[in-house]
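In the numbering used here, the protein residues as written are 1 to 114. The C-beta atom is built at its ideal place from N, Cα and C for all residues, glycine as well. Notes follow the structure.
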């Protein structure tokens with residue numbers, strides 16, 4: 001049985017040769033997510049795409065940079081930092097999570113003999 005999440009396996013370059021056993025509840029969850037994505041109206045998708053393009057443009061990045069340098073932006077960063085610490089998502093947590101995910105990916109690739 002593969003321990004890799006569905007999203008990670010789908011990003012795997014060897015997906016067509018991967019014999020991943022997908023649990024029924026994982027399949028149901030993925031189907032539910034697919035249905036929710038289909039419900040989104042085209043106008044909403046257009047707005048999201050426009051916003052994404054603006055945020056990645058020079059004007060959007062400059063606006064974001066100005067906000068982060070402002071007093072309000074610094075307060076928001078402090079709140080986010082406090083929330084991360086309260087939730088236990090500090091640097092040590094992130095390092096452990098990264099190494100755990102890396103180990104799972106390596107185990108998956110060894111198990112499926114890619």
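In this structure, the straight-line span from the alpha carbon of residue 71 to that of residue 65 is close to 12 Å. The beta carbon of residue 84 sits closer than 7 Å to the beta carbons of 90 from its chain, once the five residues preceding and following it are set aside; these are given in chain order.
When rounded, the separation of the alpha-carbon atoms in residue 106 and residue 80 is 32 Å.
Counting only unbroken stretches of 4 or more residues, the alpha helix (DSSP H) elements lying wholly within the stretch 44-111 are 58-69, 71-86, in sequence order.
Taking residue 73 as the centre and dropping the five residues before and after it, the same chain places the C-beta of 67 closer than 7 Å to its C-beta, in chain order.
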